[in-house]
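Structure first, then comments.
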Amino acid sequence: MDRFNRLPQKLRKLTRETKAERTLYCNPGYSRVHDIRIASFFIELLRRFRKSPKNIDSMAWTSSGSSNAELIDNMLRNGILGKVVGDVVDGNKSEAECASDRIARAMKKVDRANYVRDKRDAYEDSPQTIGHGATISAPHMHAYAASHLLPYLPPGGRVLDVGSGSGYLSAVLYHLIEDPHGHKPSSSDSGAKSKPLIIGIEHVSELTDWSISNLKHDGLGEALEKGQIEMVTGDGRLGYPPNAPYDAIHVGAAAPELPQALVDQLAPGGRMFIPIGTYKQNIYHIDKDESGKITQTEVMGVRYVPLTDRKSQEEH
Ligand code: SAH
1 MDRFNRLPQK LRKLTRETKA ERTLYCNPGY SRVHDIRIAS FFIELLRRFR KSPKNIDSMA
61 WTSSGSSNAE LIDNMLRNGI LGKVVGDVVD GNKSEAECAS DRIARAMKKV DRANYVRDKR
121 DAYEDSPQTI GHGATISAPH MHAYAASHLL PYLPPGGRVL DVGSGSGYLS AVLYHLIEDP
181 HGHKPSSSDS GAKSKPLIIG IEHVSELTDW SISNLKHDGL GEALEKGQIE MVTGDGRLGY
241 PPNAPYDAIH VGAAAPELPQ ALVDQLAPGG RMFIPIGTYK QNIYHIDKDE SGKITQTEVM
301 GVRYVPLTDR KSQEEH
């Protein structure tokens with residue numbers, strides 16, 4: 001009697017006895033353990049798959065447009081820009097509506113076509129490779145980051161964008177700080193260089209240079225000249241001490257664990273938005289209260305490129 005016939009009757013009934021199946025079941029390496037392993041693999045896969053719409057808004061990927069304005073309007077319509085309850089009240093609009101209007105206004109000032117390698121896909125709601133093992137994140141992820149940080153962007157505040165890549169989110173964050181209610185930052189009045197409002201830190205120098213030229217193409221040459229935006233090359237895991245503390249820190253790459261230097265550089269009352277994890281990654285809010293107490297809140301599951309060293313990134 002071969003191994004197929006030794007299978008439990010129920011299983012034999014369920015199994016069409018093709019030649020291929022017989023070969024599988026008659027393989028000396030075959031055992032029930034294999035069945036269990038294969039089944040667990042698929043159950044795990046299903047579990048992860050089922051989890052993702054809960055983690056990332058199921059509408060998130062349906063916002064692509066044929067222009068920048070259409071992409072933003074689609075995100076607005078899909079509720080992606082309205083997830084936050086901020087401290088902004090404007091007439092009789094709800095706080096969430098005000099917040100989403102502000103984000104939409106800032107995102108419309110940033111033309112994604114100036115920050116991608118392939119302009120044909122500029123208004124797709126998906127990530128796009130920017131070389132050196134990096135990607136520009138999907139617009140809905142940038143929108144989430146902006147909305148989660150919005151209440152922590154006071155006029156004239158300081159923001160650190162770690163893993164600034166294309167420079168896209170640094171530009172959006174600049175416009176949010178620049179335009180809380182249509183005002184310009186005070187340092188623009190004097191024309192003098194002052195402490196930057198936005199620091200983008202990126203460890204691939206070619207990407208830093210590219211992000212600067214992207215920002216210039218997008219009309220932010222003056223803000224760079226005045227030092228309101230500064231894009232630097234460095235290891236973002238160490239933060240950027242010269243301009244610390246920061247009211248908001250955005251981390252655009254997944255850290256294996258929370259970098260202490262970034263926690264130290266967060267201002268009291270500030271928030272960090274950071275993906276943490278290797279295979280399984282989640283966005284966390286790291287909130288520091290006025291007394292310096294840290295609260296860590298898991299927000300959603302994501303997939304980011306790792307926050308690492310340049311060599312490992314390019315081998316990835
Ligand atoms: N938010 C950016 C980039 C996202 S990809 C955008 O949307 O364009 C993540 C970026 O983090 C990449 O550009 C990568 O080069 C950078 N990065 C990874 N590890 C880093 C580190 N240790 N320090 C600084 N930047 C890092």
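Sequential numbering from 1 applies to the sequence shown in the UniProt record's numbering. For every residue, glycine included, the Cβ atom is placed at its ideal position computed from N, Cα and C.
| Item | Value |
| --- | --- |
| Report the rounded CA-to-CA distance for N78 versus N214, giving the unit in angstroms. | 28 Å |
| Tell me whether G167 is buried or exposed, calling it buried when 16 or more other Cβ atoms sit within 10 Å of its Cβ. | buried |
| Below 8 Å, how does it come out for the stretch 260-275 and the stretch 168-179: are there three or more Cβ pairs, yes or no? | no |
| For the ligand SAH, is there a heavy atom less than 7 Å away from the beta-carbon of T135? | yes |
| Could you tell me the alpha carbon to alpha carbon distance between V299 and I229, rounded to whole angstroms? | 28 Å |
| Grab the span of the alpha helix (DSSP H) containing D209 for me, first residue to last. | 205-215 |
| Kindly indicate which residue of L220, I103, I286, A113 has the alpha-carbon position closest to the one of I130. | A113 |
| Would you mind reading off the limits of the alpha helix (DSSP H) that contains N74? | 68-77 |
| Helix or strand or just coil, what does DSSP make of Q260? | helix |
| Among the candidates I80, S67, P151, whose CA atom is the shortest distance from the CA of R120? | S67 |
| Using a Cβ-Cβ cut-off of 7 Å (strictly less than) and excluding sequence neighbours within five positions of M75, which residues of its own chain qualify? | S63, L81, P139, H140, A143 |
| For I201, which of H132, W210, G163 has the nearest alpha-carbon? | G163 |
| Could you tell me the alpha carbon to alpha carbon distance between E70 and L307, rounded to whole angstroms? | 32 Å |
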